[in-house]
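Let me begin by presenting the structure, written as structure tokens, before commenting on it.
In full-length UniProt numbering, the protein residues as written are 1 to 85.
Following this line, the structure appears as structure tokens:
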């Protein structure tokens, strides 16, 4: 619960749009328990959101553990979709 409250605050302090899906925008954030998935149409878009999340989390004393982050690239219909887990 505390993670969700902190994450909500971090997202509202950034330019991240939590609404809609990848159909309507270039990046989407999905959270479950203490995991966070940043899905996007390009690696550049995901890296920008990751940096925003990292800076926002630092403002409240949280740190993203980069060693636990993973990247998965999916190729579908010649569109490259990258997922950070």
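Note that beta-carbon positions come from the ideal geometry of N, C-alpha and C, so glycine has one too. Every value quoted in this text rests on a predicted model; they were computed, and no experiment measured them.
Asked, Found
"Three-state class that DSSP yields for residue 29 in the structure shown", "strand"
"Same chain, Cβ closer than 8 angstroms to residue 34, five either side skipped, listed in chain order", "3"
"Short Cβ contact (7 angstroms threshold) for residue 46 with residue 57", "no"
"Secondary structure, alpha helix (DSSP H): runs of 4+ residues fully inside the region 8-74", "43-59"
"Residue 16 vs residue 49 beta-carbon contact at 7 angstroms", "yes"
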